[in-house]
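What follows is a short report on a single structure.
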Amino acid sequence: MDLPIVALLAQDGITNGAIYALLALALVLVFAVTRVIWVPSGEFLAYGTLTLAGLQLGKASGIAGLLAGMAVVAGAMEAWRSIGDGEARRLPARLALWTGLPLAIAAALYFIAPLQPPFFVQILLALTAVTALGPLLYRIAFQPVAEASVLVLLIVAVAVHFALVGLGLWFFGAEGSRTPPFTSASFELGGVTVSGQSVLVVATSIALIFALALFFNRTLYGRALRATAVNRVGARLAGISPGFAGTLTFTLGALMCAFCGVLIGPITTVYYDSGFLISLKGFVGAIFGGLVTYPAAAAGSLLVGVLESFSSFWASAFKEVIVFTLIIPVLLWLSLTTQHHEEDE
Amino acid sequence: MTTPLLEVESLSVSYGKVEAVHGVSIRAGEGRIVSVIGPNGAGKTTLLGAIMGLLPSRGTIRYLGEPLAGASVEERVGRGLVLVPEKRELFASMTVGDNLALGAFARRRDGEAATRRSLDEVYGRFPRLAERRDQLAGTLSGGERQMLALGRALMGRPKLLMLDEPSLGLAPLIVREIFSIIVGLRAAGVSILLIEQNARAALQVSDDGYVLETGELVLSGPSAELAADPKVAATYLGQGAGH
Ligand SMILES: Nc1ncnc2c1ncn2[C@@H]1O[C@H](COP(=O)(O)OP(=O)(O)OP(=O)(O)O)[C@@H](O)[C@H]1O
Ligand SMILES: [Mg+2]
Chain A
45 MDLPIVALLA QDGITNGAIY ALLALALVLV FAVTRVIWVP SGEFLAYGTL TLAGLQLGKA
105 SGIAGLLAGM AVVAGAMEAW RSIGDGEARR LPARLALWTG LPLAIAAALY FIAPLQPPFF
165 VQILLALTAV TALGPLLYRI AFQPVAEASV LVLLIVAVAV HFALVGLGLW FFGAEGSRTP
225 PFTSASFELG GVTVSGQSVL VVATSIALIF ALALFFNRTL YGRALRATAV NRVGARLAGI
285 SPGFAGTLTF TLGALMCAFC GVLIGPITTV YYDSGFLISL KGFVGAIFGG LVTYPAAAAG
345 SLLVGVLESF SSFWASAFKE VIVFTLIIPV LLWLSLTTQH HEEDE
Chain B
188 MTTPLLEVES LSVSYGKVEA VHGVSIRAGE GRIVSVIGPN GAGKTTLLGA IMGLLPSRGT
248 IRYLGEPLAG ASVEERVGRG LVLVPEKREL FASMTVGDNL ALGAFARRRD GEAATRRSLD
308 EVYGRFPRLA ERRDQLAGTL SGGERQMLAL GRALMGRPKL LMLDEPSLGL APLIVREIFS
368 IIVGLRAAGV SILLIEQNAR AALQVSDDGY VLETGELVLS GPSAELAADP KVAATYLGQG
428 AGH
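Just so you know, the sequences run in chain order A and B. 45 is the number of the first residue of the first sequence in this note's numbering; add one for each residue after it. 188 is the number of the first residue of the second sequence in this note's numbering; add one for each residue after it.
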């Protein structure tokens, strides 16, 4: 094994690791604010790739259908709730938000797709559409049980995962898709070839992570999400509604996963059911941070990416085994080092 | 008297099958300090939780002349009904400044300038918080924590501020400071519903008082009269009946 091969493997590992890091951050964020272990994050990633691949062919019927269907269900739930609570006068505004807006996005995709807009516009459309699924999913599946225990939320999340895989097959079909690379440029760096694609993926991930850090530290809404994660009762008493925080969190989480889907599209062929295995690697990364600390989660994900890349060279048949076995020493170490502090009351 | 700010009528609150508050009625008038005193476990915190919407309850709660049934906790905060809870519920891993900024979350539509003004006002009232604006809330002392909880509540520009044992666990000097702040708030137009173990101090600063025992109101009236009541004096002010 010589230097160029090491460099190549490292490059691959870091590129994938950057994507896992984004996934891990999405998982940590969603868990911290809503206590949901977001098993279906991988489906959002897959939807991202598949939507972009569809747009490449001038088609968006799959994602548009999915959005429209969920918009109608969410609208029905809002109507049911508003009438049940005797708040019928608020119904129009709620319907506009939960049904009108997603339907408008679905329609925009459906009609713009055949025009074959430039690649950049296609990416924006794919991100918008998949991001819009996030709050809808929260509204439909998680908000009704928001006060339930972590275990109940996990069971719901697993159910949602299977449902979304099935919906993915129905709306996107069984064929796998790959999207074209963003750039075919490459350059020499100290005798090693670095692909422009890798640089772009890593740079985008870093930029996104910085943008999120700014959002959480500098804006009122970002602080409100942190506050909900730290103390739910305190947040409510400050006027931050858990429903609002959950909706915003799932919107951000969906955006991050859709981004991952766009970034991973040129690297691997993605099928309707590919998301789960990819998101598990983000999950292993997130476990490094005990599902709560962001920098540790990001670092863990990078490690997962690099380990995966080297093990696929040495023992490719066992690469998943090696990556997932990593979780055992990490869990041991976590259980030995963290005192089990009581739920802050 | 015009319609009171808060009117609670035959309110009952249960934890599962056990009823902790039985048909309690209280009123809190505009511009007044109303205190509720009572021994441990009397149901004082439970009463506030129900008024705030944190706990389900039976009976009626009218605020600003309108029934509150169906309004969420956040909507109540938005209408100026703000609680400083017994456990403070601060955002421990965030800074003092962030905690205060979030207190104005319900008022975010009033704009940046309004938030700034509230913040200056709170820092004016609590100079110690201003010095520590970048310190994490979890590292504050007990007294500072209580000031932060008060400050965060004030950032929401309350019409009726409900305080659950603001003197809990504090040294006498700080308790005096907190009570003088409460009196200052009334002068600034904030009406206050005060829950206290420290009956002497509570009856001294308040206009009206209620005594709650095992979930039931046993006495009510102007605070001065309550303080003079021999039963109250014996039980809550630690004076023998004969003195
Ligand atoms: N979550 C709960 N589940 C069951 N019972 C509860 C719960 N919270 C309080 N209680 C019971 O309700 C009664 C009233 O409690 P509450 O906290 O309102 O008393 P309090 O007057 O605030 O007392 P203190 O002065 O000690 O704070 C007590 O008997 C208490 O044990
Ligand atoms: Mg209490």
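Where is the CB? At the ideal position from N, CA and C, for every residue including glycine. Just so it is clear, the structure is predicted and the values come from calculations on it, not from any experiment.
Pick helix, strand or coil for B:L193, following the three-state DSSP scheme.
Of the three classes helix, strand and coil, the one that applies to B:L193 here is strand, per DSSP.
Please confirm whether A:V336 and A:T223 have their CB atoms less than 9 Å apart.
Not a contact, by the Cβ cut-off of 9 Å.
Mind checking the segment 329-354 of chain B against chain A and listing, in chain order, the residues whose C-beta falls within less than 7 Å of any C-beta there?
So the list reads R339 and G343, given in the order they occur along the chain.
Indicate, with yes or no, if ligand 1 has a heavy atom lying under 8 Å from the CB of B:Y202.
Checking the Cβ of B:Y202 against ligand 1 gives yes.
Within 10 angstroms of the Cβ of B:N286, are there 16 or more other Cβ atoms? Answer buried if so, exposed if not.
Buried is the call here.
What's the gap between the Cα of A:S228 and the Cα of A:V83?
Using only the alpha carbons, I get a separation of about 34 Å.
Examine chain A for any beta-carbon lying closer than 9 Å to the beta-carbon of B:S440, and answer yes or no.
Not covered by the structure: residue 440 of chain B. The range shown for chain B is 188 to 430.
Helix, strand or coil for B:T232, going by three-state DSSP, please let me know.
Helix, per DSSP.
To the nearest angstrom, report how far apart A:P158 and A:G329 are at their CA atoms.
Approximately 39 Å between the Cα atoms of the pair.
Leaving out five residues before and five after B:G203 in sequence, what residues of the same chain have Cβ atoms less than 8 Å from its Cβ?
The answer is none, since no qualifying residue turns up.
Report yes if the C-beta of B:P226 is less than 8 Å from at least one heavy atom of ligand 1; otherwise report no.
Yes, the beta carbon of B:P226 sits closer than 8 Å to at least one heavy atom of ligand 1.
Rounded to whole angstroms, what is the Cα-Cα separation between B:R320 and B:P191?
Near 37 Å, if we compare the C-alpha coordinates of B:P191 and B:R320.
For B:L198, tell me which candidate among B:T302, B:R249, B:E261 and B:M281 has the shortest Cα-Cα distance.
Of B:T302, B:R249, B:E261 and B:M281, the residue nearest in Cα terms is B:R249.
Run the proximity test for B:V211: is its beta-carbon closer than 8 Å to any non-hydrogen atom belonging to ligand 1?
For ligand 1, not one heavy atom lies less than 8 Å from the Cβ of B:V211.
CA-CA distance, A:P373 and A:R133?
If I take the Cα positions, the gap works out to 56 Å.
Cα-Cα, which of A:L181, A:G319 and A:G287 is closest to A:G92?
Of A:L181, A:G319 and A:G287, the residue nearest in Cα terms is A:G319.
Over the uninterrupted beta strand (DSSP E) stretch that includes B:D351, give me the two end residues.
Start and end: L347 to D351.
Ignoring anything shorter than 3 residues, give me the beta strand (DSSP E) runs that lie fully in the segment 225-283 of chain A, in order along the chain.
The qualifying runs are 230-233 and 236-239.
Hey, does A:F288 have any beta-carbon neighbour from chain B nearer than 9 Å?
It does; some Cβ of chain B falls within 9 Å.
For A:P188, does the three-state DSSP call read helix, strand or coil?
Helix.
Which residues are close to ligand 2, meaning CB closer than 7 Å to any heavy atom, in chain order?
Result (chain order): B:K231, B:T232, B:E273, B:D351, B:E352 and B:I382.
The beta strand (DSSP E) spanning B:G246 covers which residue range?
Looking at the DSSP string, the run of the beta strand (DSSP E) that includes B:G246 is R245 to Y250.
How big is the Cα-Cα spacing for B:L316 and A:G309?
Rounded to whole angstroms, B:L316 to A:G309 spans 50 Å at the Cα level.
Please state if the CB of B:S259 and the CB of B:V208 are separated by a distance shorter than 9 Å.
No, they are not a contact pair.
Using a beta-carbon distance cut-off of less than 9 Å, what residues from the segment 110-143 of chain A approach chain B?
Taking 9 Å as the Cβ-Cβ cut-off against chain B, the residues of the segment 110-143 of chain A that qualify are D129, G130 and E131.
Listing by chain order, which chain B residues have their CB less than 7 Å from the CB of A:V274?
F278, A279, S280 and M281, listed in chain order.
Check whether the Cβ of B:V205 lies closer than 8 Å to any heavy atom of ligand 1, and answer yes or no.
Correct: B:V205 has its Cβ closer than 8 Å to ligand 1.
How is the beta strand (DSSP E) around A:P158 delimited, first residue to last?
Where A:P158 is concerned, there is no enclosing beta strand (DSSP E), given that its DSSP letter is neither H nor E.
Establish whether the CB of B:A237 and some CB of chain A are separated by less than 9 Å.
No, because no Cβ of chain A sits closer than 9 Å to the Cβ of B:A237.
Applying a beta-carbon distance threshold of less than 7 Å, which residues of chain B neighbour A:R79?
Simply none; closest approach about 17 Å.
Under a three-way DSSP split, which group does B:S199 fall into?
DSSP places B:S199 in strand when its eight states are reduced to three.
CB-CB under 8 Å to A:V194, same chain, minus the five flanking residues each way: which ones, in chain order?
Around A:V194: R79 and I81.
Does any heavy atom of ligand 1 sit closer than 8 Å to the C-beta of B:L234?
B:L234 Cβ: within cutoff of ligand 1.
Can you check whether the C-beta of B:V377 is within less than 9 Å of a C-beta belonging to chain A?
So no, B:V377 is outside the interface.
If you follow the alpha helix (DSSP H) that A:G119 is part of, which residue opens it and which one closes it?
A:G119 -> alpha helix (DSSP H) spans S105 to G128.
If the cut is a Cβ gap below 9 Å, which residues of chain B does A:S285 touch?
Simply S259, V260, E261 and E262.
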